[in-house]
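Residue 129 in the UniProt record's numbering is what sits at position 129 of the sequence shown, and the numbering runs on without skipping anything. C-beta: ideal position from N, C-alpha, C; glycine also.
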Amino acid sequence: MLAGLGISALCAIGALIALVGVIAMALPGRPQPWPEHLMQRAAWLTGAAAASVYSLGFFLVLASEQEFNNGADSVPAPACRDGFDAETVRHLVHHRSSYLPLRFDCVRDDGTTYSSDPSYVWMNWTSASLALSAALLIIGSGYATELRARKDRR
């Protein structure tokens with residue numbers, strides 16, 4: 001779990017460094033052509049932020065998976081028991097975990113499921129939207145570079 005927090009923190013530090021690069025584009029002496037550089041730096045920022053959020057969720061799922069069947073009082077998974085009422089815990093049969101999308105679902109004996117942690121929803125949406133934004137910024141940067149090259153050829 002400590003390694004997961006370290007990786008997430010490392011990605012967050014990378015996002016902060018990229019943010020400084022984006023902010024530096026507002027200062028005099030910025031590199032030219034500045035729109036392409038701004039999009040590339042913003043792509044690094046959103047990509048690092050997406051990696052930070054996803055790695056945090058990844059290691060949360062991994063930690064929940066490792067707690068299962070690991071010593072006394074570990075079945076059903078502690079993530080499915082902690083914070084839930086006794087009636088819900090009594091009917092647990094097993095769990096399902098997934099790393100893409102992030103989730104750790106607890107399965108009851110009647111087949112219904114519930115999420116062990118509602119924060120996986122925002123982690124999935126945030127990392128997906130940031131990754132999509134990074135991809136669009138990379139595509140936009142390439143398009144702007146191509147457009148500038150065509151304009152210079154004329």
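Starting from the C-beta of residue i, find all residues in its chain whose C-beta is less than 7 Å away, skip the five residues before and the five after it, and write them out in chain order.
i, result
"residue 134", "43, 46, 47 and 50"
"residue 67", "74, 77, 78 and 79"
"residue 102", "57, 58, 61, 120, 123 and 124"
"residue 14", "48"
What residue range does the beta strand (DSSP E) around residue i cover?
i, result
"residue 94", "92-99"
If I measure Cβ to Cβ from residue i and keep anything under 6 Å in the same chain, skipping five residues before and after, which residues do I get?
i, result
"residue 8", "52, 55 and 56"
"residue 96", "105"
"residue 116", "79, 80, 104 and 106"
"residue 113", "105 and 107"
Terminal residues of the continuous alpha helix (DSSP H) containing residue i?
i, result
"residue 155", "For residue 155 there is no data in the structure shown, the boundaries of the chain being 1 and 154."
"residue 84", "Per DSSP, residue 84 belongs to no alpha helix (DSSP H) and is neither H nor E."
"residue 25", "Per DSSP, residue 25 belongs to no alpha helix (DSSP H) and is neither H nor E."
"residue 40", "34-67"
Within a Cβ cutoff of 8 Å, which residues of the same chain sit near residue i, ignoring the five residues on either side of it in sequence?
i, result
"residue 91", "108, 109 and 110"
"residue 167", "Not covered by the structure: residue 167. The range shown for the chain is 1 to 154."
"residue 148", "33 and 36"
"residue 21", "41, 44 and 45"
At the level of alpha carbons, what is the spacing between residue i and residue j?
i, j, result
"residue 179", "residue 153", "The structure shown does not extend to residue 179, since the chain is modelled only from 1 to 154, so the question has no answer here."
"residue 140", "residue 40", "9 Å"
"residue 26", "residue 17", "15 Å"
"residue 3", "residue 150", "47 Å"
"residue 38", "residue 132", "17 Å"
"residue 137", "residue 129", "12 Å"
"residue 64", "residue 144", "45 Å"
"residue 30", "residue 142", "19 Å"
"residue 28", "residue 19", "17 Å"
"residue 89", "residue 6", "32 Å"
"residue 99", "residue 93", "21 Å"
"residue 126", "residue 118", "13 Å"
Inside the region 101-137 only - beta strand (DSSP E) runs reaching at least 3 residues:
102-108 and 113-115
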